[in-house]
Amino acid sequence: MRTLHGYIPLTRRLLGQYLMFALAAVAALGAGLLTLHFTAPSHRHDDQVLALLDQTAESIAHDMLERGGRNVQLLVDQAVITGELHFCAVADESRTYIAHSSRDLIGKPSETVAVAKRDFIVERVHLARGDSGQLMEYSRPLIVQGRPKGFVHLGHVHLPPEPWSHALLEYAPPAMLVPFLFLVIGSKVISGSVRTNSAVEERLAEASSMPAEAAVSLLPLDADGPVADGWNRLTQHLRASRSDTSLEKRLESALGGLREKRAEASLQAIPEGIGLTDAEGRIAYANASFYALIGLHVDDAREKPLQELMPWDGTPEAASINEQFSEPLRPVIIEYLRGDVTADGVLRVARYSHETSEGHPAGYVWHIRDITQQKLSEEAREQFVYAATHELRTPLANIRAYAETLSIAEFDDEEQRKGFLNTINTEATRLARFVDDLLNISQMEAGSMTLHPQKTEVRRMLVEVVDKVRPQMDQKAITLDVTMPAKLPELTIDKENITAAIVNVLGNAAKYTPHGGKVTLRVECDESTLQVHVEDTGIGIAADEIPKLGRKFFRSSDERVRDETGTGLGLAFTQEVVRLHGGRLSIASELNKGSRFTIGLPAK
């Protein structure tokens, strides 16, 4: 019978499996008989006695070498007891016993017929045989430091083998169990071989018993192999030819389910909250961001209207917000402040309804987005516009007033005219500094700020910084205390930007220190770091505002700070310059007691 794609017909497979397991059973029986033969006591005794002989000879040789043979007789007696020997003896080179388990034989000539032909060759000699066993003697040369010193003899009685019937009773059960196991395994394998064919036969028998007009329903097989694969292909083809329409519907359903899974995965991935509720406001679906933004767990949101779960519930604004959501079909968009200030968080909540054919709400789509950063940016922009307007208006007004005065008035006093010109120059310098700040911030936001490092004498640079800020200190009678080491290293830095950064920090210290206060510039340097400390006795900074000082356009809410002109750009610029140099700007302050700003730069 020919085969198809390696498939072996059932009859040939059954015959081959039957022969294979029959041969395995016969082989197991043969292995049992061999085991019965080779596990006889005589085979075991030889190995044990020879091992004892080697061990005893080595112990006696060691004793002769180390103790002059004082313990030879003791070792002989121990060997007899340990190995249950008939006798043990030691003979010298003249074959006279110098030790014997039977002490009356000590000093007498050896009667053994064993002769060592070569060193370390052990000969086995049959001495006697009787009903009680067979006496066997084993002999071995005694070698001490490579020189022969005599012989060691052991005598052991081999008991007669047990009767065949006893051995058979002992070993027959395991010997018969293995062939039986092979037969059981074979029956399981053979039954597995015909299982698929039997299943096909059962299904065909069921189909033959059905009425001729009835539709035949053939079920697939849950099995492997060519027969099962062929049967399953036939049943699949039958179902496909009978129900093309049903197949199309199932395919459409599967594709729809796939699209739903992809849509859900996309909704879960976005950072904005998306939720669906029924007409009563109970959540039917919501992504992870939705629950995170409103601060709820999935289990806490079940069977409750969403409006009762929103973070504004219980706040003074709740009534007005809920009133906006009271109209069921109107789209509603609100912005909710989660705390007292914008930095605590701002949520934008939108609700859209979808209607039934009768014009009633069938449910709602909710969209929640965190717009905190957007609001903070808007506030910062408003602050900047206010500060910029103030910064521009004052110097421009002064320049215009003094320029008009110079153009229409005649001055007899040359010093007064120079004073007007100096005022115009000062205000123009102030405007230029403000424009430079804007350019620096623009570069920071674009990520294009670059450094121009050069070898710089730090001490000379700091002296120049002090000279720049001293007039500002003198205007408010502020004591400027400068402490720096006698020697400071040369650093490869952007001198211009570092100078501007330190001037910004000192200028802020002067600006927010009351009249007659004190500002300290202290410099420390070790092998790895240069630290510039600027300490003041000014108004200080609130603890919650310290982390915000590096933000662009940020200005403290303290009224004493609002009274001073500023744009909130200086510290942002200083922090960026220090960061680009691989350093760090750290701030410590206590309200109404003063502040300490530390610029740390690598000293290498």
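Taking the working numbering as reference, the numbering of the sequence shown is continuous, increasing by one, and the terminal residue is 608.
Even for Gly, the Cβ is constructed at its ideal location relative to N, Cα and C.
The structure displayed is predicted, hence computed values, not measured ones.
- A direct Cα-Cα distance of roughly 8 Å separates S98 from G154.
- The C-alpha of V350 lies about 6 Å from the C-alpha of D374.
- In this structure G277 is not in contact with H364, their Cβ atoms being roughly 26 Å apart against a cut-off of 8 Å.
- The continuous beta strand (DSSP E) containing I497 extends over residues 494 to 497.
- In the structure shown, the three-state DSSP call for A95 is strand.
- In the structure shown, the three-state DSSP call for D540 is strand.
- With distances taken between CA atoms, V148 lies nearest to L69 out of L69, S293, H301.
- Leaving aside the five residues that flank L56 on each side, the residues in its chain whose CB is nearer than 6 Å to its CB run, in chain order, G87.
- Under the DSSP assignment, S593 falls in the beta strand (DSSP E) whose first and last residues are 588 to 594.
- In the structure shown, the three-state DSSP call for I337 is strand.
- Residue pairing for A290: DSSP places it in a beta bridge opposite G279.
- Scanning K552, A288, D344, G521 for the CA closest to the CA of E539 turns up G521.
- Pairing V369 with Y356 gives a Cβ-Cβ distance under 9 Å.
- In the pairwise beta carbon analysis, the stretch 572 to 581 is classified as not touching the stretch 482 to 491: fewer than three pairs are separated by under 8 Å.
- Under DSSP, K379 forms no beta bridge with any residue.
- Counting the other CB atoms within 10 Å of its CB gives Y295 a total of 16 or more, which places it among the buried residues.
- Under the three-state reduction of DSSP output, F329 falls in the coil class, being neither helix nor strand.
- The beta carbons of S599 and I545 sit about 6 Å from each other, so the pair counts as a contact at 8 Å.
- Excluding the 5 residues flanking it on each side, P309 has same chain C-beta neighbours closer than 7 Å at E284, G285, R286, in chain order.
- A straight-line Cα-Cα distance of about 22 Å links L584 and G511.
- Residue range 151 to 162 is occupied by the beta strand (DSSP E) that includes L158.
- Cβ contact annotation for H456 (same chain, cutoff 6 Å, sequence separation greater than five): D498, in chain order.
- As the crow flies, the alpha-carbon of E419 is around 18 Å from that of N402.
- At a Cβ-Cβ threshold of 9 Å, Q77 and R107 count as neighbours.
- For E284, there is no enclosing beta strand (DSSP E), as DSSP marks it with neither H nor E.
- Per DSSP, the unbroken beta strand (DSSP E) holding T460 starts and ends at 458 to 461.
- The C-beta distance from Y406 to T427 rounds to 5 Å, short enough to meet the 8 Å contact threshold.
- For L605, the enclosing beta strand (DSSP E) covers residues 598 to 606.
- No Cβ-Cβ contact shorter than 9 Å links V84 with L146.
- By alpha-carbon distance to L341, the top candidate from S143, L435, V353 is V353.
- One alpha carbon belongs to Q476, the other to A504, and they sit about 15 Å apart.
- Under the DSSP assignment, L78 falls outside any beta strand (DSSP E), being part of the alpha helix (DSSP H) whose first and last residues are 76 to 87.
- Here Y101 is buried: its Cβ has 16 or more other Cβ atoms, across all protein chains shown, within 10 Å.
- Here the alpha carbons of A547 and T454 stand approximately 32 Å from one another.
- In the three-state reduction of the DSSP assignment, K480 falls in the coil class.
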